[in-house]
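Have a look at the structure below, then the notes.
Number of protein chains: 2
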Amino acid sequence: MAPPVNRRNFIKTTAIAGIGASIFSPNVLFGKDDRKARIGIIGTGLQGRLMLDSLLMQSDTEITALCDIDRQALAQAQDMVVQAGRKKPEGYSNGPHDYLNMVTRDDLDGILVATPWEWHQQMSVAVMKAGKYAGVECRGAFSLNECWELVRVSEETGMPCMMMENHNYKREIMAVLLMARDGLFGEMIHAQCGYQHDLRRVKFRPGVEFGEKGENESVWRTNHSVGRNGDLYPTHGIGPIASIFDINRGNRFVTLTSTASKARGLKAFVLEHGGPGHPNANVDFKLGDVVTTVIKCANGETVIINHDTNLPRPYSNMRRVQGTNGLWMEDNNSIYIEGRSEYGAWEPMLPYIEEYEHPVWKTFMREGVRGGHGGADFLKTRAFVQSIKRKIPTPIDVYDTATWLAITALSEKSIAMGSEPVKFPDFTGGKWVTNKPIFGLTEDY
Amino acid sequence: MAPPVNRRNFIKTTAIAGIGASIFSPNVLFGKDDRKARIGIIGTGLQGRLMLDSLLMQSDTEITALCDIDRQALAQAQDMVVQAGRKKPEGYSNGPHDYLNMVTRDDLDGILVATPWEWHQQMSVAVMKAGKYAGVECRGAFSLNECWELVRVSEETGMPCMMMENHNYKREIMAVLLMARDGLFGEMIHAQCGYQHDLRRVKFRPGVEFGEKGENESVWRTNHSVGRNGDLYPTHGIGPIASIFDINRGNRFVTLTSTASKARGLKAFVLEHGGPGHPNANVDFKLGDVVTTVIKCANGETVIINHDTNLPRPYSNMRRVQGTNGLWMEDNNSIYIEGRSEYGAWEPMLPYIEEYEHPVWKTFMREGVRGGHGGADFLKTRAFVQSIKRKIPTPIDVYDTATWLAITALSEKSIAMGSEPVKFPDFTGGKWVTNKPIFGLTEDY
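So the sequence lines, in the order shown, correspond to chains A and B.
With the first sequence counted from 1, adding 523 to any position gets you the numbering used here.
With the second sequence counted from 1, adding 523 to any position gets you the numbering used here.
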């Protein structure tokens, strides 16, 4: 059923999707019609299986094919499908390019990519060129060329390329989005966000191993901390802010500066847990422990993005959304709204979330929150599935994907040049001026 | 008694002060000896009178002379001295340059400057040239030349120029300083700080007036928001961080980028409270509502500084101090230390403050916390007084003062050039490599 959504159809359906929250009848909620989206997954490691888990909770999905070079991971994923009472999906495991055999199947509408970062690009491109919806896990781009290629291929094929960013689907985030759209914060001025996650026990596993001797993500992810210095993982932070700031839809990112601290955390970890005699004690990790990126937007807003993955710390996305009328801050879980909050005093966030509860989350909580990452994995895969079924663009589109990915390449460039400001490409080719928001407009995805 | 502290003496006394916490006998605490420091104040507005109030709580001070062009403010200050049972200080009120007659008195050891920002420079210079210790209220520099001039005059005259920054003397800050020096955070990596203070009712007073029709600080302070765009008030944020990061003492600020959001808050305030017909509704305020500055240090640390004074918000200095072993964050009043905190969980800050209570604060709490800004005004003026009495350099010296002031001029420059990185001058002329910390080393100031 892979829909021939061409550029013209995109614009048409985008316009329809932009009308508002009530264009879809409630009886299609949570897959209660009989159409199905036929989904495949390339990469059935931890993250791929998390998405699979959420897909299996949706009755309007068929899992047709799965691909992984690791036969054990593949078998485990196939078994999950069978355990869910469904037909065993065909497996592709014949070396690193077997995914090319999978993407051409004619019983697939969309394919999710959850492989190591260095494979995302060619796989996303292959998926779109095969006429399927592409849904790609989070990362950052190695170069701007990659981002441009995604845009070009998506425009040429008419196939969406959705960054599978679960943070945009978090309850709090979707409520803050409605607050912003309702004008609660006034005119938008500033935001802060980031990925502050102690990944040392992900980057080193088992013990202080990574690369060939590593396990799970340490096999491939850690090498990016050896050779690269920049905000390697910007999308959890920036995704929600981009949505709230209408990026590519009346606004855009214009310039970026990035500054990295020294790199100490990873080496210290190896020395502490592996000792100075361990071979990895000689590795020089290039990634600064804290990378600070500052973006200026066309409409005059500023955004700070932090990347902080090498040091001991509690998890935080450091989010703050600030306008002429007040601000929300994640780190103290509080909000301040002029004329409503007591003068100069923070208020707890929860009553505001309940007041501005997004329809998607109202439905979700009524029908039962499920899936990984607090339900956000369910909602993001659901959005991908529903977009396929309705033959409409994904609510995170290729321009969002390219823009968020580009932060990494621009951050590396700015840092390499001593924090020089670098210009953000306009991936929309000027259409950001007239494009309208498409995320979080409906009540069911 | 104005001491002839020349460059050579400075170095000698700095070395002595650097020995540690126990070189001064406890019987000089809180002015229990009979030596006195003879102090004058230029500018007896709100801030000047706050410092005067703290000086009058110290029995080892004499207030010899006061100066203000506003005879009423001057009389009020003189009356405070008399009410405290002391001799009425001589007043200087004969026009804006009468301070020049005051600084040459031979019964003054040190002079505090608490005038509008545009007067600080010439007054500080005059004070030092007259052979007195200069203590100057917080602001930011208009140009790097100013900063260099302070350094040059201080070196030539041997007179200190102390930024009267009270935040360095806050209880929490002094405890965090000890934590850092004790290695609790490990090697320093990153810090955040700022001045996030809704000043709209300071910048506009009464109503939406400022400038000639204004009151108190709105008479002069608001004009800086009209014509300038940068971090106008960096010292509350950066003072404590500079101390914790050993800036100018084994470390230094190397480069800075600065990015300003659009300017909306002040105009919105005028429109809301004065209406579109008010003359000030036509003023275009150039100061971005949120200014984000990022500094890279010679030892590889990064610092974010926020300036956010035009929008509704609760007060915060956004402080965060982060090292290889953990971090403190002001906004949730929490700390996380690897191996001590429960894995991944914040701990309340208070027990750590009590554990690392600075000797100055132990004494202060035992003898009674007093003076404005939670006692910090008392401690900063006390440090000024004690430095004079002991004929030693002030614990915040002219290099600190020049460096902190320079942030404003550099921030304005970077913003004007589209966030270009700008180089930080080394005001120490290379001595930062060998200079040792001088702040917070003793138990009594």
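All C-beta atoms in this analysis are idealised placements derived from N, C-alpha and C, irrespective of residue type, glycine included.
Cutting at 8 Å between CB atoms, please list the residues of its own chain near residue i, excluding the five before and the five after it.
i	result
residue 949 (chain B)	775, 955
residue 739 (chain A)	568, 569, 725, 728
residue 931 (chain B)	662, 663, 664, 665, 753, 754, 755, 756, 757
Who are the near neighbours of residue i in its chain, counting only those whose CB is closer than 7 Å to its CB and skipping five residues on each side?
i	result
residue 769 (chain B)	960
residue 626 (chain B)	634, 649, 650, 653, 655
residue 573 (chain A)	895, 900
residue 796 (chain B)	730, 731
residue 892 (chain B)	898
Name the residue from the options whose alpha carbon lies nearest to the alpha carbon of residue i.
i	options	result
residue 764 (chain A)	A:885, A:888, A:655, A:697	A:697
residue 883 (chain B)	B:689, B:902, B:895, B:762	B:902
residue 581 (chain A)	A:904, A:822, A:966, A:639	A:904
residue 802 (chain A)	A:773, A:690, A:730, A:648	A:730
residue 569 (chain B)	B:586, B:558, B:585, B:603	B:603
residue 680 (chain A)	A:850, A:655, A:733, A:665	A:655
residue 669 (chain B)	B:683, B:645, B:659	B:645
residue 790 (chain B)	B:748, B:817, B:855, B:830	B:748
residue 637 (chain A)	A:571, A:671, A:558	A:571
residue 886 (chain B)	B:915, B:927, B:966, B:878	B:966
residue 836 (chain A)	B:848, B:562, B:667	B:848
residue 897 (chain A)	A:558, A:577, A:564	A:577
residue 594 (chain A)	A:575, A:587, A:566	A:566
residue 628 (chain B)	B:643, B:607, B:587	B:587
residue 822 (chain B)	B:804, B:829, B:772	B:772
residue 881 (chain B)	B:687, B:592, B:699, B:672	B:699
residue 760 (chain B)	B:708, B:927, B:876, B:564	B:927
residue 920 (chain B)	B:682, B:615, B:607	B:682
residue 705 (chain B)	B:860, B:871, B:934	B:860
residue 866 (chain A)	B:870, B:735, B:723, B:671	B:723
residue 714 (chain A)	B:829, B:940, B:607	B:829
Hey, residue i and residue j: beta-carbon distance below 8 Å or not?
i	j	result
residue 827 (chain B)	residue 827 (chain A)	yes
residue 583 (chain A)	residue 600 (chain A)	no
residue 814 (chain B)	residue 753 (chain B)	yes
residue 597 (chain A)	residue 589 (chain A)	yes
residue 658 (chain A)	residue 702 (chain A)	no
residue 716 (chain A)	residue 617 (chain A)	no
residue 819 (chain B)	residue 758 (chain A)	no
residue 809 (chain B)	residue 750 (chain B)	yes
residue 854 (chain B)	residue 855 (chain A)	yes
residue 925 (chain A)	residue 676 (chain A)	no
residue 825 (chain B)	residue 945 (chain B)	no
Should residue i be counted as a contact of the ligand MG given a C-beta to heavy atom distance under 7 Å?
i	result
residue 949 (chain A)	Absence of the ligand MG from the depicted structure is noted, as is the absence of any ligand whatsoever, leaving it without description.
I'd like the list of long-range same chain contacts for residue i, defined as Cβ closer than 6 Å, with 5 residues on each side in sequence excluded.
i	result
residue 553 (chain B)	Confidence at residue 553 (chain B) is low in this model, with a pLDDT of 46, below 50, so its placement is unreliable and no value can be given for it.
residue 640 (chain A)	662
residue 968 (chain A)	905, 906, 909
residue 788 (chain B)	812, 833, 834
residue 962 (chain A)	766, 918
residue 631 (chain A)	561, 563, 587, 655
When we look at the beta-carbon of residue i and count the other beta-carbons within 10 Å, is it buried (16 or more) or exposed?
i	result
residue 868 (chain A)	exposed
residue 785 (chain A)	buried
residue 845 (chain B)	buried
residue 605 (chain A)	exposed
residue 957 (chain B)	exposed
residue 912 (chain B)	buried
residue 660 (chain B)	buried
residue 850 (chain A)	buried
residue 873 (chain B)	exposed
residue 558 (chain B)	exposed
residue 916 (chain B)	buried
residue 863 (chain B)	exposed
residue 951 (chain A)	buried
For residue i, return the contacting residues in chain C, with the cut-off set at a CB-CB distance below 9 Å.
i	result
residue 642 (chain B)	You won't find chain C in this structure, because its protein chains are A and B.
Point to revise | Every unbroken beta strand (DSSP E) inside the region 674 to 705 of chain A [3 residues or more] | key: 684 to 686
Point to revise | Length-filtered (4 minimum) alpha helix (DSSP H) runs lying within the region 872 to 947 of chain B | key: 873 to 878, 882 to 890, 899 to 913, 921 to 939
Check your understanding: Along the chain, which unbroken stretches of the beta strand (DSSP E) at least 3 residues long are found entirely within the region 578 to 618 of chain A?
Key -> 584 to 590, 613 to 615
**Study point:** Whole runs of the beta strand (DSSP E) within the region 781 to 839 of chain B, excluding any shorter than 3 residues
**Key:** 813 to 820, 825 to 831
Practice item. Pick out the complete beta strand (DSSP E) segments inside the region 615 to 639 of chain A, 3 residues or longer, and give them in chain order. Key: 633 to 636
Point to revise | Unbroken stretches of the alpha helix (DSSP H), 4 residues or longer, contained in the region 698 to 761 of chain A | key: 723 to 726, 746 to 750
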